[in-house]
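Residue numbers (UniProt numbering): 1 to 53.
Cβ atoms here follow ideal geometry from the backbone N, Cα and C, with glycine treated the same way.
For reference, the structure is listed below as structure tokens.
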Amino acid sequence: MNQDKTKEMLELENKHLKSQIEIYKDFVDSIEEESKAQARHKEDKFAAARIVK
1 MNQDKTKEML
11 ELENKHLKSQ
21 IEIYKDFVDS
31 IEEESKAQAR
41 HKEDKFAAAR
51 IVK
């Protein structure tokens, strides 16, 4: 009986941790996308500055 409860609690904890990992992965992905977008924007600004010169 006690082992069943422990196993059930560990499974719930595992499920929760996997869910947290997915949330953090999504967060990191969004930061990476934002960083890439900012880099593209900077490149566009430099390209525009070169064209203007």
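So what's residue i in DSSP terms, helix, strand or just coil?
i: M1; result: coil
Whole angstroms are fine: how far does the CA of residue j sit from the CA of residue i?
i: L12; j: S30; result: 27 Å
i: A48; j: E33; result: 22 Å
i: K25; j: K18; result: 10 Å
i: V52; j: K36; result: 24 Å
i: residue 88; j: L10; result: What is shown of the chain runs 1 to 53, which leaves residue 88 out entirely.
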